[in-house]
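Heads up: the sequence lines are chains A and B, in that order.
Last residue of the first sequence: 250 (numbering that gives the first Met the number 0), numbering continuous.
Last residue of the second sequence: 250 (numbering that gives the first Met the number 0), numbering continuous.
Right, one structure below, let's go through it.
2 protein chains.
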Amino acid sequence: MSIQIIPVTGLPIIKEGHDLAELTIKSLEEQGLTPREKDVYVFSHVIASRVEGKQVDLDKVKPSLKAQEYAQITGKDPRLLQVILDESRGVRRIGPGVIITETKHGFVCANAGVDKSNVPGETIVSPLPDAPDLTSKRIRERFKELAGVNVGVIICDTHGRAHRNGEINVTVGASGFEVIRDRRGEFDLFGYELKIKRTTVSDELASAAELVIGQSDEGVPAALIRGYDIIFSETGCAQDIVRSRQKDLFL
Amino acid sequence: MSIQIIPVTGLPIIKEGHDLAELTIKSLEEQGLTPREKDVYVFSHVIASRVEGKQVDLDKVKPSLKAQEYAQITGKDPRLLQVILDESRGVRRIGPGVIITETKHGFVCANAGVDKSNVPGETIVSPLPDAPDLTSKRIRERFKELAGVNVGVIICDTHGRAHRNGEINVTVGASGFEVIRDRRGEFDLFGYELKIKRTTVSDELASAAELVIGQSDEGVPAALIRGYDIIFSETGCAQDIVRSRQKDLFL
């Protein structure tokens, strides 16, 4: 009945064109593990972007006037701001040291999810994949082809939150299962009408994965979660989590 | 290297005065498990409140004029609104079907974290404990007394979020470890100054726990997370996660 969070160790440095499913299966084999039905595979967005060649060299970016203006406000590199703006459909908050945008996928997060390299002197930055749900679906289909099992796939990123300090890992792409689980929970006190409680299990799975992804000094960019009873879905995806502006009480 | 999320099954119906550490240790013994150093024990806030007698019978609540006014706006029971107001230091958002307050502890959440009973006809509601960090500390100290080990303790609740659909489990009380982990991650592109990335591991642990707490139909109100390398701290607590109004960009 218990759930396991297993780091996918021993992956090579991920490059454009790599097959994440194949490499993950190989890495797990060395731990004596083979994929099973209902496994959930969680990948850091940096490697998901990299296999698709979704990287930008800041030395090749020409910042617009808007990017230069925002660079003045934030104190950030104007070229980085250009990449952030290219990835966004709107700016939600901006100030010294901070820019929070709504990405073109609808996520509200700092820097539009664009990660800077952790190599000093490097000018390569990693935006989110263009269509992280599609990326997740492709990886899931490769697991089915290579190992014959139906799994869930999540692409994750660490986001800050309103009201609470620190970041947590959340879902930016998903495929293969219901990312939000409807559960009967609350009763209406006026009658006995059942109210529905909705739990975003894919965000909880992403956070669980971060406990092994983030803990390692050696850079573990993926995790397997085994033992959680996902509800299979062909259509479940991270877009289900995006709250529309109309329904967002904290615009 | 993998992490386990283990449901604490077979707990009795928790009542006022019960010893959660003792009952948890007994329940785990039946699964052949004994507490270990660095175990993290996660308890649903409902049982944490109940052992302290922190429950309110709506039949004994007399709603103020303000509670009656808010009942009109939200369509909720005015007595429930009185309990919510008693638990809050301010209202952040209110509308049909929704009231989001800042609790007296500083958490921004729906209904001030007051859970209605899931028994039809019941009028008992469960607010958060008055001092969830202190509750956590007491439970942690009991684990030390009874089993001789240093553990982390989390009291959790499911909260909705700005910008994202569905609820996830988060920390409302914690003791024994650093709830936010500072990690060197980003490099400043202007120089090589290291920037600090802060991960709220206790919220990730709470979310991980919910994967076994919420999945069960039989009502599992607690979980053990084993294998995560918490950083011991005598002062770490959920208050570290509360963002001050001054720093909250989404008031």
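Even glycine gets a Cβ: it sits at the ideal position worked out from N, Cα and C.
Original post:
What three-state label does DSSP hand B:H158 in the structure shown?
Top reply: Note: B:H158 maps to strand in three-state DSSP.
Original post:
Between the segment 227-247 of chain A and the segment 99-107 of chain B, do three or more beta carbon pairs fall short of 8 Å?
Top reply: Touching, no, given that fewer than three Cβ pairs across the two stretches are closer than 8 Å.
Original post:
What do you reckon, are the CB atoms on A:I98 and A:I83 nearer than 9 Å?
Top reply: Yes. Within cutoff.
Original post:
Hey, does B:L188 have any beta-carbon neighbour from chain A nearer than 9 Å?
Top reply: No answer about B:L188 holds up, because its pLDDT of 37 lies below 50 and its placement is not dependable.
Original post:
Applying a beta-carbon distance threshold of less than 9 Å, which residues of chain B neighbour A:A161?
Top reply: The contacting residues are V107, R160, A161, H162, R242, D247, L248, F249 and L250.
**OP:** Identify every residue that forms a DSSP beta bridge with A:N168.
**Re:** In the DSSP output, where bridge partners are listed per residue, A:N168 has A:T157.
Original post:
Are there three or more Cβ pairs, one per stretch, closer than 8 Å when the segment 221-228 of chain A is compared with the segment 76-94 of chain A?
Top reply: The segment 221-228 of chain A is not in contact with the segment 76-94 of chain A.
**OP:** State the start and end residues of the unbroken alpha helix (DSSP H) segment that holds B:T255.
**Re:** Residue 255 of chain B cannot be examined here, being either before or after the span of chain B that is shown, 0 to 250.
Subject >> Any alpha helix (DSSP H) of 4 or more consecutive residues that is wholly inside the segment 10-66 of chain B >> reply: Qualifying alpha helix (DSSP H) stretches, in chain order: 19-28 and 44-50.
Original post:
Can you name the start and end residues of the alpha helix (DSSP H) that B:E140 belongs to?
Top reply: For B:E140, the enclosing alpha helix (DSSP H) covers residues P131 to A146.
Original post:
Run through DSSP, which three-state label would B:K103 get?
Top reply: Note: B:K103 maps to coil in three-state DSSP.
Original post:
For the beta strand (DSSP E) that A:I5 lies in, which residues bound it at each end?
Top reply: I2 to P6 is the extent of the beta strand (DSSP E) around A:I5.
Original post:
Under 9 Å between C-beta atoms, does B:E166 make it to chain A?
Top reply: Chain A contact via Cβ: present.
Subject >> Partners in chain B for A:S1, counting only beta-carbon separations shorter than 8 Å >> reply: Taking a Cβ-Cβ cut-off of 8 Å, the neighbours of A:S1 in chain B comprise Q3, I4, I5, P6 and V211, given in sequence order.
**OP:** Report yes or no: is there a C-beta of chain B within less than 9 Å of the C-beta of A:T33?
**Re:** So, not an interface residue.
Subject >> C-alpha gap between A:K14 and B:L79, whole angstroms >> reply: When rounded, the distance between both Cα atoms is 56 Å.
Subject >> 6 Å Cβ shell around A:Q252 - same chain, five flanking residues per side excluded >> reply: No information on residue 252 of chain A is available, as it lies outside the stretch 0 to 250 that chain A covers here.
**OP:** May I ask you to verify whether the segment 25-33 of chain A touches the segment 52-65 of chain A, counting CB pairs closer than 8 Å and requiring at least 3?
**Re:** The segment 25-33 of chain A is not in contact with the segment 52-65 of chain A.
Original post:
Quick one: what's B:T199 bridged to in DSSP?
Top reply: Per DSSP, B:I179.
Subject >> Rounded straight-line distance, which links the Cα of A:L210 to that of B:D202 >> reply: Rounded to whole angstroms, B:D202 to A:L210 spans 11 Å at the Cα level.
Original post:
Based on the DSSP secondary-structure assignment, which residues constitute the bridge partners of B:K115?
Top reply: DSSP lists B:V124 as the bridge partner or partners of B:K115.
Subject >> Contact between the segment 165-184 of chain A and the segment 2-12 of chain A (3+ Cβ pairs under 8 Å) >> reply: As far as the Cβ criterion goes, the segment 165-184 of chain A does not touch the segment 2-12 of chain A, which means the pair count is below three.
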